[in-house]
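Colleague: What follows is a single structure, and I will ask about it in a moment.
Spelled out as structure tokens, the structure:
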């Protein structure tokens with residue numbers, strides 16, 4: 787399973803959906819909103835601003851974690867719990883596009899089923 791690609795049954799690149807501003811729902815509740823999203827094959831992710839939930843923290847989520855998108859309600863659903871997301875490697879604005887950082891994030895999320 788390629789963590790850095792959207793699931794084909796969830797996001798069709800042809801629909802040109804901009805996820806910025808969508809609410810992000812973990813399996814056990816809301817965690818924040820999409821601050822940035824990319825749509826490149828093999829390099830797709832969303833950056834989530836967790837707001838007051840984890841004060842001042844952003845998290846990087848590989849696109850494959852998105853299980854559903856509801857454009858009417860502007861929700862993105864992900865396959866991880868709040869705790870799993872909170873314990874992820876710290877978001878690093880200077881290095882999040884670097885291979886080493888993305889490998890660390892991918893290794894972390896790849897440990898969980900689903």
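Residue numbers (the working numbering): 787 to 900.
Where a beta carbon is used, it is the ideal one built from N, C-alpha and C, also for glycine.
(1) Taking all protein chains shown into account, decide if residue 860 is buried (16 or more other Cβ within 10 angstroms of its Cβ) or exposed.
(2) Counting C-beta neighbours from all protein chains within 10 Å, is the total for residue 885 16 or more, i.e. buried, or is it exposed?
(3) Excluding the 5 residues flanking residue 851 on each side, which residues of the same chain have their C-beta closer than 8 Å to its C-beta?
(4) Whose CA, out of 845, 857 and 792, lies closest to the CA of residue 827?
(5) Which residues does DSSP list as the beta-bridge partners of residue 847?
(6) Evaluate residue 818 with the Cβ neighbour count: other Cβ atoms within 10 Å of its Cβ, from every protein chain shown; 16 or more gives buried, anything less gives exposed.
(7) What separation, rounded to the nearest whole angstrom, lies between the Cα atoms of residue 807 and residue 847?
(8) Checking 9 Å against the spacing of the C-beta atoms, do residue 855 and residue 845 come in under that value?
Modeller: Reading off the structure:
(1) exposed
(2) exposed
(3) 789, 864, 865, 866 and 895
(4) 792
(5) 832
(6) buried
(7) If you draw a straight line from the Cα of residue 807 to the Cα of residue 847, it comes to about 15 Å.
(8) The Cβ atoms of residue 855 and residue 845 do not sit closer than 9 Å to each other.
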